[in-house]
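What follows is a single structure, written as structure tokens, with notes after it.
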Amino acid sequence: MWGVRIASALLATLASLPVLAEDKAPLEKERVAVYREQPESYAGLGLFASSIESSGISQNPGGLHVRMGGMLDPNWGAEVRLGRGVWHESDRTATTRIQLDVDYLAGAYLTSRWPFPVPFVELPLVQRMFFQAHVGAAAVQIKSRTEVCTPVCVRSESRNRQS
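In our numbering, each number is its position in the sequence shown, counted from 1, plus 5.
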């Protein structure tokens, strides 16, 4: 978990680099930064879905994730995603109920984006579009709840870390 916190702090520092820039020289003209034309960092919120298949179990838990990233140059950048499970499914047999949740999702990615002109239709605020690809690694922890009722119900919880 400390690795995720350190990566988040590094990305926050990367995103605030324009704020930490040095002061201008006394005779230098005032520089104006227009971040709309040259975006270097971004953040977003999204949904994720997963599929868990095992003997007798087929569930699709999912949740929300936050993605934060920064571009190191016009084509290459880095991104971190942190997520938490929100919805789950349950499988039932005659005497057992099994519920699987995504406890957390954490990932670090190298991203690449390549611009191309807007095809066919001219849009007033869109000057170009991007192809974007990600390569990286993620860790997911699955939480399982099992309830067995023969004749008294017994509940157990376990966590299984997957990469």
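Beta carbons: idealized from backbone N, C-alpha and C, even for Gly. Small disclaimer: the values here were computed from a predicted structure and weren't measured.
Cα-Cα separation, residue i to residue j
i       : j       : result
Leu-130 : Gln-146 : 41 Å
Gly-141 : Glu-58  : 23 Å
Asp-78  : Arg-133 : 17 Å
Gln-104 : Thr-98  : 12 Å
His-139 : Thr-100 : 43 Å
Gln-137 : Glu-84  : 12 Å
Tyr-109 : Thr-155 : 32 Å
Arg-89  : Ala-144 : 12 Å
Glu-45  : Arg-102 : 48 Å
Asn-80  : Tyr-114 : 14 Å
Tyr-47  : Val-123 : 21 Å
Ser-56  : Phe-135 : 29 Å
Gly-1   : Leu-128 : Past the boundaries of the shown model lies residue 1; the chain is included only from 6 to 168, so the question cannot be answered.
Residue i classed as buried or exposed, judged by whether at least 16 other C-beta atoms fall within 10 angstroms
i       : result
Val-126 : exposed
Ala-111 : buried
Val-107 : buried
Gly-61  : exposed
Start and end residues, beta strand (DSSP E) containing residue i
i       : result
Glu-58  : 57-59
Thr-100 : First-last for Thr-100: undefined, no H or E at that position.
Glu-84  : 81-92
Glu-152 : 133-154
Leu-69  : 67-76
Leu-52  : 46-54
Quiz item: Can you find at least 3 beta carbon pairs, one from the stretch 83-94 and one from the stretch 53-69, that sit closer than 8 Å?
Solution: yes
Quiz item: Would you say the stretch 144-151 touches the stretch 116-126, given that touching needs at least three Cβ pairs under 8 Å?
Solution: no
Exercise. Determine contact between the stretch 45-60 and the stretch 70-90, defined as no fewer than three beta-carbon pairs at a distance below 8 Å.
Key: yes
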